[in-house]
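Here is the structure we will look at, set down as structure tokens.
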Amino acid sequence: MHTLSKLMIVSAFTALPVTSLLAQTPEEKGLEIAVASDQRDSGWINVSSEMEMILRNRAGKESKRKITNRNLEVDGDGDKFLSLFKQPRDVEGTAMLTFSHGLEPDDQWLYLPSIKRVKRISSKNKSGPFMGSEFAFEDLSSQEVEKYSYKFLQEEACGEFECYVIERIPQYKNSGYKRQISWIDKAEYRPMKIEFYDRKNSLLKTLVYTGYQEYETANGSFWRADKMEMSNHQTGKSTSLLWSNYDFETSLSDKDFNQNALKRLL
Amino acid sequence: MCFRKTIFFGVLAVFSAGASAMDATVKIELEATSYTSIEDESKFEDNVAVGIEPEIKGSFNDGDLIYNFTPFIRLDSRDEERQHADIRELHLLNALDDWELSIGISKVFWGVTESSHLVDIINQTDALEGIDGEDKLGQPMVRVSRSFEETVLTGFLLPGFREREFLGSDNPLALPFPINNDPVYQSDAEELNIDYALRFSGYKGIIDYGLSWFHGTSREPSFMPGFDGRLIPQYGLIDQWGVDIQATIDAWLWKLEVINRNYDDDAFGEDFTAAVGGFEYSFYGMADGLFDLGLLAEYHTDSRNDPSSVNFQNDLFLATRLAFNDAESSELLAGIFVDQDDDSTSLRIEGSRRVFGDAKLSLEAQAFSNIDENNVSYEFRNSDFVELSLELYF
Chain A
28 MHTLSKLMIV
38 SAFTALPVTS
48 LLAQTPEEKG
58 LEIAVASDQR
68 DSGWINVSSE
78 MEMILRNRAG
88 KESKRKITNR
98 NLEVDGDGDK
108 FLSLFKQPRD
118 VEGTAMLTFS
128 HGLEPDDQWL
138 YLPSIKRVKR
148 ISSKNKSGPF
158 MGSEFAFEDL
168 SSQEVEKYSY
178 KFLQEEACGE
188 FECYVIERIP
198 QYKNSGYKRQ
208 ISWIDKAEYR
218 PMKIEFYDRK
228 NSLLKTLVYT
238 GYQEYETANG
248 SFWRADKMEM
258 SNHQTGKSTS
268 LLWSNYDFET
278 SLSDKDFNQN
288 ALKRLL
Chain B
1231 MCFRKTIFFG
1241 VLAVFSAGAS
1251 AMDATVKIEL
1261 EATSYTSIED
1271 ESKFEDNVAV
1281 GIEPEIKGSF
1291 NDGDLIYNFT
1301 PFIRLDSRDE
1311 ERQHADIREL
1321 HLLNALDDWE
1331 LSIGISKVFW
1341 GVTESSHLVD
1351 IINQTDALEG
1361 IDGEDKLGQP
1371 MVRVSRSFEE
1381 TVLTGFLLPG
1391 FREREFLGSD
1401 NPLALPFPIN
1411 NDPVYQSDAE
1421 ELNIDYALRF
1431 SGYKGIIDYG
1441 LSWFHGTSRE
1451 PSFMPGFDGR
1461 LIPQYGLIDQ
1471 WGVDIQATID
1481 AWLWKLEVIN
1491 RNYDDDAFGE
1501 DFTAAVGGFE
1511 YSFYGMADGL
1521 FDLGLLAEYH
1531 TDSRNDPSSV
1541 NFQNDLFLAT
1551 RLAFNDAESS
1561 ELLAGIFVDQ
1571 DDDSTSLRIE
1581 GSRRVFGDAK
1591 LSLEAQAFSN
1601 IDENNVSYEF
1611 RNSDFVELSL
1621 ELYF
């Protein structure tokens, strides 16, 4: 079913030159931009990176987490992820394996190093906070085109760039959001800002991407933001994600994304 | 032991090849326990203890060759028998394509249920560390594993048996009889008997499953009276089959573990089949996202059907788990075991919270109530305790 829906999207995309000559609905234009953004970031095959997470409460008190990530692109399905927790030290060695499936529930396993146990966990908790941060699990999950419906709103300046502004509505179950407004730059189709509206349609959080770097690889060039800043307008808390050590030329393959691999991560 | 030598030279050869990454940490656990309902004057009523666990790990050769060394030391202010040291891990692991080979001392966990771990058999329980059976002694092994698309087949060769150790008689959680620490083995090779195990595990959609077989010396002893009045632990040879299944459906986790144990010689124990099964259901984002609430229920059964000798022969476990969505990862688990034959009940509470940014404070309490005098737990009826511990990392 995924393959089919993805095919439909791709055929919609390839049919563009014809349809874009005719009058486009805002929905068609929104989808077209989402597909273009997805296409622009396809083909990286595998990547590893490090992430530092800084949580700030309303009083400005900080706490830190460090996580290393390994991602594998999967054709015709959602991507595979491995996350290894480095800090805080009481959870050091804890690791999570995710096979994402777009609209279907993800498969997810947690490794608990103190008792060497791998535990299959429910992936229903999309809207819950990741590690006590302002990022929900759904904010950090694989962003497949079919997970939202889209509507083009307008074009406007976003900082030093020109952006498309698109409304997207989650189509997967158990989302904590009624809708999101996303700013995507016209030149490279990179997300610049996302506003998240809760189920009651009040503005909940704003995510801002800064410090984009272009990584030249054998498979093409890919843009990644050095910093993602999530502010919660309802609680006054915020979380920064600082990304480093991107490596798009790892030897990672399917055999590095299974339960045995989960247990031997360093 | 020639096996130890092999590891030693293997480690030496590898170190001389040059390490590419190394990570060393030390965990220190400070523990204070109060036994709140002691009636027997020979038992102590409070205790302070320290656990030290350094861990050195790293890799060579671009991460294909991984080593781990984790010794453990327990110092105890009251119970000399509980003072002990163990090598939890000392192994080399080589991952090559779909193969994985590990040689040395390791810990392995099998199973899915929360309130007992029937299927888990590779490592001896470290009975000096806690009554929940989750602490394990390091087991020497050669482990070969082959991964397929959605399955893994693993073979174990287990040279060197680890005998179970027992708490001192003045410890409120000690077994109610004096124990001779010179065990009897069915195998002529005694603790040098070579045990074998095989495990096939995998997943298909919402189902995770494991099928396992163990042949060798039972990790669980039976006891026979010695001439001096002390009981002698005896370890028979067994064949044990195990099955574990989990179905993950939305916020439901359905779990089942079944084992069948066959003793080679009836004098060492009675053959039996035992099972534990149940569910865990989670309500996410309760009280405006403040916490997640989990409800757990597991039922235990055992073909030996005798509450006076078997812990979980017809018992129900009910629990609730609160996981707070705070920066300190606060957690609270409260559970109750009720024996359906004689209503003997034990209550357990576990709580934890991160403190000082990088340390963990835990509280553990256990209460026994309405314990029937014929129940296997009868001797623990006055062993209620509250334990506070602080884990520090360096």
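Listed in order, the protein sequences are those of chains A and B.
According to the numbering used here, the first sequence holds residues 28 to 293 in order.
According to the numbering used here, the second sequence holds residues 1231 to 1624 in order.
Glycine is no exception: its CB is placed at the ideal position from the N, C-alpha and C atoms.
| Asked | Found |
| --- | --- |
| Contact list for residue 282 of chain A against chain B, beta-carbon separation under 9 Å | 1325, 1327, 1328 and 1377 |
| Any chain A beta carbon closer than 8 Å to residue 1478 of chain B | yes |
| Integer Cβ distance of residue 1304 of chain B from residue 1277 of chain B, believed to fall under 8 Å | Not quite, the Cβ-Cβ distance comes to about 12 Å (not below 8 Å), so this is no contact. |
| Contact check, residue 1534 of chain B vs residue 1500 of chain B, beta carbons under 8 Å | yes |
| Helix, strand or coil at residue 1399 of chain B according to DSSP, with G and I counted as helix | coil |
| Near-chain C residues of the stretch 89-100 of chain A - C-beta to any C-beta below 8 Å | Considering every chain present, this structure includes no chain C. Its protein chains are A and B. |
| Within-8 Å CB hit, residue 205 of chain A to chain B | no |
| Alpha-carbon spacing of residue 1392 of chain B relative to residue 1462 of chain B, whole angstroms | 16 Å |
| Chain B contact for residue 73 of chain A (CB, 8 Å cutoff) | no |
| Among B:1541, B:1521, B:1282 and B:1483, the one whose alpha carbon lies nearest that of residue 1362 of chain B | B:1541 |
| CB contact check: residue 240 of chain A to chain B, cutoff 8 Å | no |
| Straight-line Cα distance separating residue 174 of chain A from residue 200 of chain A | 10 Å |
| Environment of residue 229 of chain A [buried if 16+ CB atoms lie within 10 Å] | exposed |
| Proximal residues of chain A, C-beta to C-beta of residue 1483 of chain B below 7 Å | 149 |
| Neighbouring residues, chain B, relative to residue 82 of chain A (Cβ below 7 Å) | 1557 |
| Helix, strand or coil at residue 1453 of chain B [DSSP, three-state] | strand |
| is_contact[residue 1300 of chain B, chain A] using C-beta, thresh 8 Å | no |
| Contacts that residue 1355 of chain B makes with chain A (C-beta to C-beta distance below 8 Å) | Neighbours of residue 1355 of chain B on chain A: none; closest Cβ ~12 Å, over 8 Å. |
| Cutoff 6 Å; reference residue 1232 of chain B; Cβ partners in own chain excluding five residues on either side | Low confidence applies here, because residue 1232 of chain B scores a pLDDT of 46, under 50, leaving its location unreliable and the question unanswered by this model. |
| Validate contact between the stretch 57-73 of chain A and the stretch 207-221 of chain A using beta carbons, cut 8 Å, 3 pairs | yes |
| Residue 1334 of chain B - containing beta strand (DSSP E), residue span | 1329-1336 |
| Backbone CA spacing between residue 138 of chain A and residue 112 of chain A [nearest angstrom] | 10 Å |
| Three-state secondary structure (DSSP) of residue 227 of chain A | coil |
| Interface partners of residue 1439 of chain B on chain A, CB under 7 Å | None at all; the shortest Cβ gap to chain A is about 10 Å. |
| Residues that residue 142 of chain A contacts on chain B, provided the C-beta gap is smaller than 7 Å | 1339 and 1364 |
| Chain A residues whose Cβ lies nearer than 9 Å to that of residue 1343 of chain B | Going along chain A, no residue has its Cβ under 9 Å from residue 1343 of chain B, so there is no contact; the nearest lies around 11 Å. |
| Option nearest residue 1552 of chain B by Cα separation, candidates B:1479, B:1563, B:1476 and B:1425 | B:1563 |
| Strand pairing of residue 1319 of chain B, partner residues [DSSP] | B:1300 |
| Chain B contact for residue 166 of chain A (CB, 8 Å cutoff) | no |
| Residue 1550 of chain B at chain A interface by Cβ criterion, 8 Å | no |
| Residue span of the alpha helix (DSSP H) that contains residue 1516 of chain B, given as start and end | 1516-1519 |
| Candidates B:1487, B:1395, B:1339 and B:1383, of which the one nearest residue 1430 of chain B by Cα | B:1383 |
| Candidates A:132, A:134, A:142 and A:99, of which the one nearest residue 118 of chain A by Cα | A:142 |
| Any C-beta of chain B under 8 Å from that of residue 115 of chain A | yes |
| DSSP three-state assignment for residue 1498 of chain B, whether helix, strand or coil | helix |
| Contact set for residue 1575 of chain B: own chain, Cβ-Cβ below 6 Å, skip 5 residues either direction | 1568, 1599 and 1600 |
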